[in-house]
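What follows is a set of notes on a single structure, which appears directly below.
2 protein chains.
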Amino acid sequence: MSQPRPGNGSGPPGPAAEPDFPDLPEATVARLPEYLRALHHLAEAQHDTVSSEGLAAAAGVNSAKLRKDLSHLGSYGTRGVGYDVALLIEQIEYVLGLTQRRAVALVGVGNLGHALAGYAGFASRGFRIVALFDADHARVGELINGLTVRHIDDIADVAAQEAIAIGVIATPAAAAQSVADQLVRAGVTSILNFAPCVLAVPEGVDVRKVDLAIELQILSFHEHRKSALTALPGAGLTALPGGLGPGAQEAVGT
Amino acid sequence: MSQPRPGNGSGPPGPAAEPDFPDLPEATVARLPEYLRALHHLAEAQHDTVSSEGLAAAAGVNSAKLRKDLSHLGSYGTRGVGYDVALLIEQIEYVLGLTQRRAVALVGVGNLGHALAGYAGFASRGFRIVALFDADHARVGELINGLTVRHIDDIADVAAQEAIAIGVIATPAAAAQSVADQLVRAGVTSILNFAPCVLAVPEGVDVRKVDLAIELQILSFHEHRKSALTALPGAGLTALPGGLGPGAQEAVGT
DNA sequence: CGCGATTTGTGCACGCCTTCACAAGCGCCT
DNA sequence: AGGCGCTTGTGAAGGCGTGCACAAATCGCG
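Quick note, the sequences are listed as chains A and B, same order. Numbering that gives the first Met the number 0 puts the first residue of the first sequence at 0, with every later residue one more than the last. Numbering that gives the first Met the number 0 puts the first residue of the second sequence at 0, with every later residue one more than the last.
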């Protein structure tokens, strides 16, 4: 767990000493995974280098932003040429801590939990789900994707065997806080919460929340706004104003 | 302040002219759904008023931020008392355009799509899934939650009958762009994309993306950083520095 | 009727993030 | 070897969002 990296041989880090990355802008961290995905895509297409322009387009961001983001990791590009795809992949994966496949525990094997347990994207992008839990005894024992569902109260035992750093909560809102408490008690320090509620956790534990209905509600706001606009003003919706050639993704916040 | 609504009748909008909300800060819009959820929770608990402090705690945000957010909607609080829960719910629902239950089409009835189709949270929070689509003919005809899966090519016919404003893409990445194109062609102007790829859409179409693996990768970064910190510095992790009483949710970006 | 307690609404300052614009650096071609 | 074009890396400016701190407003009580 400790030993961030020895300064030696193979890995991306490079032989010399490294300050690691104590202070990457949070906004940058949130974009790195997107760059990483785009890079893997490029690698499969046999590209060995990319310009910031090209990578930015593939990731759906501004090229200046991308360069600034990458500059925070150090200089891994070559002026006049671009970035080495393989090198950049290694570097970003290292920064994100993906060189070790992190163990993830999933709690709540209902509708959504089932889907998450079977989601191939986790395995292919640096994670392995090592345990499934549920509070419902009727579900305990069920076999999903090669894993047996265990009762949530067993989580301490499982955590003792395997270092679980990340927990995913896919339970109803009413159960989420108590599940979070159990996860924290078992040593989990990062939680991805799909339940529509706010979690209280001790300092040092990170929580990210994904609320599917909220995403729709944000879209609904923009729909509401759009329909109000087309109803009122003179111009109405004449053939799309600027160019309509597929511009890069229209953001709508983040 | 501008007084967006005349003080008359029952519903929040009121029959008279309205400037609507052409310019709400995007960050505020993203938080309104969270306030709304907290408010519904309070309403169920028979509270008719809340202070900004109380609502902020329930929504996991700063009270000053909450007041500023709400002030953008107009003055719906009473100094010395707080906010009227029912009134605020109506107001936020109106702003978000939830007074009409928006019709949503879901494309991709695989692992995740199945779960989304059965997710009760959509129905209970202002949306109704009116159609399911898939490209796989083997899946067409399947009955899920009272809806029959249709082929993606039929989307134009369905859109003709029912005004579909929002489309949800839960297909593999390879199919997502082509599905998006079909949705746009059918008149959809808002897309929620679960596929791990960037979508190109014409101007005027809004896209929000949810990438489950990216969320985990962001957590992984913080794990990586935490383990590096505990390994190096003198103090190590002595009993949590500040207070460890469950503070409000630790954000980790948004 | 007046006063104090309480809570909203907001002006202001600070910091983060984005974007532009350009100098520095690298490879290639002649 | 020299010059030219291309691309990175970054300084600086502008905008947005956050949080503080306080004035204004309302209620309840004596």
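From the three backbone atoms N, C-alpha and C, an ideal C-beta is built for every residue, glycine too.
I'd like to know whether the C-beta of residue i is nearer than 9 angstroms to at least one C-beta of chain A.
i          : result
Arg-36(B)  : yes
Phe-132(B) : no
Leu-218(B) : yes
Asn-110(B) : yes
Ser-177(B) : no
Thr-188(B) : yes
His-113(B) : yes
Gly-120(B) : yes
Ala-104(B) : no
Arg-138(B) : no
Leu-211(B) : yes
Arg-101(B) : yes
Ala-164(B) : yes
His-221(B) : yes
Asp-205(B) : yes
Glu-52(B)  : no
Thr-184(B) : Checking the displayed sequence, the identity of residue 184(B) turns out to be Arg instead of Thr. False, the Cβ-Cβ gap to chain A never drops below 9 angstroms.
Glu-141(B) : no
Ser-226(B) : yes
Leu-191(B) : yes
Lys-64(B)  : no
Glu-161(B) : no
Ala-57(B)  : yes
Terminal residues of the continuous alpha helix (DSSP H) containing residue i?
i          : result
Val-167(B) : Taken as a continuous stretch (DSSP letters only), Val-167(B) belongs to no alpha helix (DSSP H), being part of the beta strand (DSSP E) at 165-168.
Val-106(B) : No alpha helix (DSSP H) contains Val-106(B), which is instead part of the beta strand (DSSP E) from 101-106.
Arg-184(A) : 172-184
Leu-87(B)  : 84-94
Leu-156(B) : Rather than Leu, the amino acid found at residue 156(B) in this sequence is Asp. Looking at the DSSP string, the run of the alpha helix (DSSP H) that includes Asp-156(B) is 154-160.
Ala-137(A) : Segment: none, Ala-137(A) is in no alpha helix (DSSP H) and carries neither H nor E.
Phe-193(B) : Element bounds for Phe-193(B): n/a, residue is neither H nor E.
Ala-119(B) : 119-123
Compare the C-beta of residue i against all C-beta atoms of chain B and say whether one is closer than 9 angstroms.
i          : result
Thr-170(A) : no
Ser-123(A) : yes
Leu-97(A)  : yes
His-46(A)  : no
Glu-43(A)  : no
Leu-87(A)  : no
Leu-69(A)  : no
Ser-9(A)   : In this predicted model, Ser-9(A) has a pLDDT of only 38, less than 50, meaning its place in the structure is not dependable enough to derive any value.
Ala-174(A) : no
Met-0(A)   : Residue placement at Met-0(A) is poorly supported in this model, since its pLDDT is 38, which falls under 50; the coordinates still yield a value, given next. For Met-0(A), the answer is yes, since a Cβ of chain B falls inside 9 angstroms of its Cβ.
Pro-32(A)  : yes
Gly-145(A) : no
Leu-72(A)  : no
Ala-155(A) : no
Gly-76(A)  : no
Ala-29(A)  : yes
Since residue i contacts residue j with CB under 8 angstroms, what's their CB separation in whole angstroms?
i          : j          : result
Phe-121(B) : Arg-149(B) : Not quite, the Cβ-Cβ distance comes to about 19 angstroms (not below 8 angstroms), so this is no contact.
Arg-101(B) : Ile-154(B) : With a Cβ gap of about 17 angstroms, Arg-101(B) and Ile-154(B) do not count as contacting.
Ala-159(A) : Ile-168(A) : Actually they do not touch by this definition, with Cβ atoms about 20 angstroms apart.
Ile-198(B) : Gln-176(B) : Just to set this straight, residue 198(B) is Leu in the shown sequence, not Ile. Contact holds; Cβ gap of about 6 angstroms.
His-71(B)  : Leu-95(A)  : Not quite, the Cβ-Cβ distance comes to about 36 angstroms (not below 8 angstroms), so this is no contact.
Ala-79(B)  : Val-49(B)  : For the sequence presented, residue 79(B) should be read as Gly rather than Ala. Between Val-49(B) and Gly-79(B) the Cβ distance is about 14 angstroms, and since that is not below 8 angstroms, they are no contact.
Arg-207(B) : Leu-218(A) : 6 angstroms
Gln-216(B) : Gly-125(A) : 7 angstroms
Ile-143(A) : Ala-116(A) : 5 angstroms
Ile-213(B) : Val-200(B) : Rounded, the Cβ-Cβ distance is 20 angstroms, inconsistent with contact.
Arg-36(A)  : Pro-171(B) : That pair is no contact at about 14 angstroms.
Glu-161(A) : Val-204(A) : At roughly 19 angstroms, the Cβ-Cβ gap does not stay under 8 angstroms, so Glu-161(A) and Val-204(A) are not in contact.
Lys-225(B) : Thr-98(A)  : That pair is no contact at about 16 angstroms.
Leu-31(B)  : Ala-57(B)  : Going by Cβ atoms, the distance from Leu-31(B) to Ala-57(B) rounds to 14 angstroms, so no, they are not a contact pair.
Phe-220(B) : Val-28(A)  : 5 angstroms
So residue i is in the beta strand (DSSP E); what residue range does that whole segment cover?
i          : result
Asn-110(A) : That residue, Asn-110(A), is in no beta strand (DSSP E); its alpha helix (DSSP H) goes 110-116.
Ala-130(B) : 126-133
Asp-205(A) : 205-208
Arg-149(B) : 146-150
>> Tell me whether the region 60-70 of chain A and the region 175-184 of chain B touch, counting them as touching only if at least three CB pairs, one residue from each stretch, are closer than 8 angstroms.
In response: No: fewer than three Cβ pairs fall under 8 angstroms.
> Along the chain, which unbroken stretches of the alpha helix (DSSP H) at least 4 residues long are found entirely within the region 35-76 of chain A?
Replying inline: 51-58 and 62-70
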